[in-house]
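Protein sequence lines, in the order shown, are assigned to chains A and B.
End of the first sequence sits at 219 in this note's numbering; the numbers just go up one at a time, nothing left out.
End of the second sequence sits at 187 in this note's numbering; the numbers just go up one at a time, nothing left out.
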Amino acid sequence: MSQLFFEPGIPLDSPNAASPTEPSQGNQPTTFTELRKFTNPFVSSLLLAGALHSGNSTSWSSPSESAMSWSDPVGQTGNREACLDLPGTADTFALRDERLSQLSRYLHDVSGKDGLITRETADRGWSLWLALVNAMGSGIDIEVPVAMAGQDGELFLVWDNGVHRFEADLLPDSPTDLIYLGPQPAADWEFKYKDGEPIPQDAIEKLKLFQRTA
Amino acid sequence: VETSNDAGTLRPPLVPGEDGTPLPSDEWVIRVAAPASDGSLNEATFNLTGRDKKSIPVRLSVYAERLTSHEQAWRLTGSRRENSQVYLLNTDKIREIASADESSHHPKLDVDWEVKYLVNNFYEYNLNELGERMKDASPGAIGHCGIRHMFGTPSARSRIRRELIKIVQACNLPEELLSSQPT
């Protein structure tokens, strides 16, 4: 039966995993121990879903693909309950999984050699998505963004509910533009975000407009 | 060759104008695109590229549909399999969209003819032995044009992209083309 690894050779539930460290915003956890420290259980569920690439840029796996290897590490550690301690029904989880699967598959399909974006940009996009989710804190669950690859190596993550819009424009070799468009241009907001920095509080407040509804 | 517009009116052949002169009214311009992750239209395709920003003035690269076929546009933009769609935009609709120019000299977008020159990987012009810029002679390059007044703050550009996507008519490129080898 397959196992899910975050570091080569170290199973998620291994007692030999790295010692506990408090994850900082913008940094991906690399071990299961570190994973448990995330404040937002949805981040844990994302990671455990296998949606996070394993650290090897050639081994992206979509949640649907890795779902087969989900049960073992989660079941053994008993962390599944924690992962599922979120508002929502089975149907809403299924919908979110589907959107996550879309996002993960898309990043895989448009990245790499001869792709519209590089693997590095795809990695940055996924890491930023996780950082945003984690920055929202416990109990706040935002929609999965729509990803859009441009013609010049850029990747946009977009939340748009028809009234409000939040956008993360990842540009190769540049900081990410975090953009909010309000109902009127006077409400617009933008920020140059560098990978690994804390998510600005303004961005967190804007993203609360895109909370998932059960 | 005379063609008819949507109303069935015969129109004279479209002839490229001088660089910087406006396209006629009621023309359609095209841009290739990859669908978004949920299959919806992709606004990122309207992001100014490095090459677009190097052009003088800055213009978003598009092609006049009556001079550049969908296949030619796809090949001119790298023959990428992911670019499975063509977005069509009407010049009149484009000219109704507010620009990113805060000075209000150009309150709306515009569509100009733009000679397509050959450039290297750093977007520097390829020059011939006389030191002149070399035109791109690829099939369909004659239809090259550009959407002006899109350059502004990130949020202003985002608003423009959002408006452009609203006027898009999208069509899928044939699978045989997408799986063909670049020529």
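A virtual CB, placed ideally from N, CA and C, is assigned to each residue, including glycine.
Asked                                                                                                                       : Found
Where B:T53 meets chain A, residues with beta-carbon distance less than 7 Å                                                 : Q156 and D157
B:N132, DSSP secondary structure in three states                                                                            : coil
Under 9 Å between C-beta atoms of A:P177 and A:G158                                                                         : yes
Short-range partners of chain A found in the region 67-95 of chain B, where Cβ spacing is below 9 Å                         : T81, G82, R84, R85, E86 and N87
B:D154 burial status per 10 Å Cβ neighbour count (16 or more: buried)                                                       : Residue identity differs from the one stated: residue 154 of chain B is Met in this sequence, not Asp. It counts as buried.
Integer-rounded CB distance, given that A:S116 should sit under 8 Å from A:T123                                             : 6 Å
Identity of the residue in B:V66, B:E86 and B:G12 nearest B:L27 by Cα                                                       : B:V66
Chain C contacts from the region 30-49 of chain B (Cβ-Cβ distance under 7 Å)                                                : This model lacks chain C altogether; the protein chains it does include are A and B.
Opening and closing residue of the alpha helix (DSSP H) in which B:D56 lies                                                 : G54 to K58
According to DSSP, residues forming a beta bridge with B:G150                                                               : B:S65 and B:D116
Secondary structure of A:Q189, DSSP reduced to three states                                                                 : coil
Where B:A40 falls: helix, strand or coil (DSSP)                                                                             : coil
Alpha-carbon spacing of B:L181 relative to B:V36, whole angstroms                                                           : 13 Å
Candidates A:A191, A:V163 and A:I145, of which the one nearest A:I209 by Cα                                                 : A:I145
For A:A127, the three-state DSSP class (helix, strand or coil)                                                              : helix
Where A:K199 falls: helix, strand or coil (DSSP)                                                                            : coil
Residue(s) in a DSSP beta bridge with B:K139                                                                                : B:Y121
Neighbourhood of B:R161 by C-beta distance below 8 Å, restricted to the same chain and skipping five residues each side     : N51, L52, A104, M154 and F155
Validate contact between the region 115-130 of chain B and the region 20-34 of chain B using beta carbons, cut 8 Å, 3 pairs : yes
Paired residues, beta bridge with A:E172 - DSSP                                                                             : A:V163 and A:I184
Selection from B:S88, B:Q173 and B:N125 that minimises the alpha carbon distance to B:T95                                   : B:Q173
Minimum Cβ-Cβ distance from A:D200 to chain B less than 9 Å                                                                 : no
Beta-carbon proximity of B:A141 to B:T72, cut-off 9 Å                                                                       : no
Member of B:S29, B:V33, B:G12 and B:R15 whose CA lies at the smallest distance from the CA of B:G147                        : B:V33
Cβ shell of B:N176 (< 7 Å), same chain only, five flanking positions each side left out                                     : S88 and Q89
Collapsed DSSP secondary structure at A:P177 in the structure displayed                                                     : coil
Beta-ladder partner(s) of A:M153, from DSSP                                                                                 : A:F161
Contact set between B:T157 and chain A, taken where Cβ atoms lie within less than 7 Å                                       : E195
Nearest to A:Q107 (by Cα), restricted to the options A:Q206, A:E148 and A:Q156                                              : A:E148
Per-residue DSSP class, three states only, for B:A194                                                                       : This structure cannot settle anything about residue 194 of chain B, because the visible part of chain B is limited to 5 through 187.
Cβ separation of A:D182 and A:D174, assumed to be a contact under 8 Å, to the nearest whole Å                               : 4 Å
Length of the line joining the Cα atoms of A:S29 and A:L137                                                                 : Residue confidence for A:S29 is low, a pLDDT of 40 falling below 50, so the modelled location carries little weight and cannot support an answer.
Contacting positions in the region 161-181 of chain B - beta carbon closer than 8 Å to chain A                              : S162, R163 and R166
Closest residue to B:L45 among B:H109, B:K58, B:K139 and B:Y91 (Cα-Cα distance)                                             : B:Y91
Members of the region 174-195 of chain A near chain B, C-beta cut-off 8 Å                                                   : D174, D182, I184, Y185, L186, P190, D193, W194 and E195
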